[in-house]
Each structure stands twice: as C-alpha cells, then as structure tokens.
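The block underneath contains the structure these notes are about, expressed in structure tokens.
Residue numbers (this note's numbering): 847 to 999.
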C-alpha cells in the first residue's frame, strides 16, 4: 500500500489535501502521473495545510455566501477579456479557457472562484459578447457576461 496526498478531487477517494492509502499500482500508474496526487513525505505533509488553505479561500461556504457572490458577479457587468487574433479578424487563434475567465473576474474586482464552477457550453473562439454560466451552489446559478476583444498577434 502506498501513502499519498491528493492534490485534486478524486471520485470515491477524497479531496485536495487528503492523505490516503491506495494500492501501489494505482498510485504509480494513475494518480501520480496525472498529477492527482503526490507521494507522501514529511515535507509534503506540511504542504497539506497550504493546499487546504488555498482551497478554502475558493470554496463557497453556504447558500447565503453563494447569493453574495452572485450579487457581486452581476454587479461587475461585462468582464473584459482579450485574445489573440489576426488583424481585422473576429476569429481568435485559440479559445478562451475557464482559467482565463476566472483570472479576468478577479482582475475586474470580483471574487476568486474555482474554475470548475464555470459551465462553458461552447468554446469561446470569437470576438464579441458572450455569456458563461457559473453554478455557485446547487440552488444558485449566475450568468457571467464577457466581452472578448482581439489583440493583434
């Protein structure tokens, strides 16, 4: 049996910062190569507190907290984002990721969210106004408005 520390949520095993014992092959061949876990050591176990503290800052505590965040997000208006595009083109070279949206929300004065709360229905690959859903709580959902602008490459 291998003792490991989870870095992300793993179904039927635990969440970030949990110290669990799993079979050697499962840890060596699946969890460790994908970055879902790190090998347990004294130094790594000290880092568990840091992982849990970072997760706690992003976590939505309860229904009232989710409603506060919803009000904050709605008050921000359209979140400005930029993407690389050819000059004069409305089509982006890549697509806007959930991580970029979360960073843009934070930069616009919004709360720090976990990128997994965003529900990207389609890839955002064009310049213009878009809307992305965010499930803050099982009972609270908000649409975040985005305004994507092109930057010449």
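All residues carry an ideal CB built from backbone N, CA and C; glycine is no exception.
Bounds of any alpha helix (DSSP H) do not take in residue 969, whose DSSP letter is neither H nor E. With contacts defined by Cβ atoms closer than 7 Å, residue 913 and residue 988 do not form a contacting pair. Residue 966 has its alpha-carbon roughly 23 Å from the corresponding atom of residue 908. With fewer than 16 other Cβ atoms from the protein chains shown falling within 10 Å of its own Cβ, residue 958 counts as exposed. In this structure, DSSP gives residue 984 a state outside helix and strand, which the three-state scheme calls coil.
In chain order, 941, 942, 976 place their CB closer than 6 Å to the CB of residue 970, counting only its own chain and leaving out the 5 sequence neighbours on each side. A straight line joining the alpha-carbon of residue 930 with that of residue 861 spans about 35 Å.
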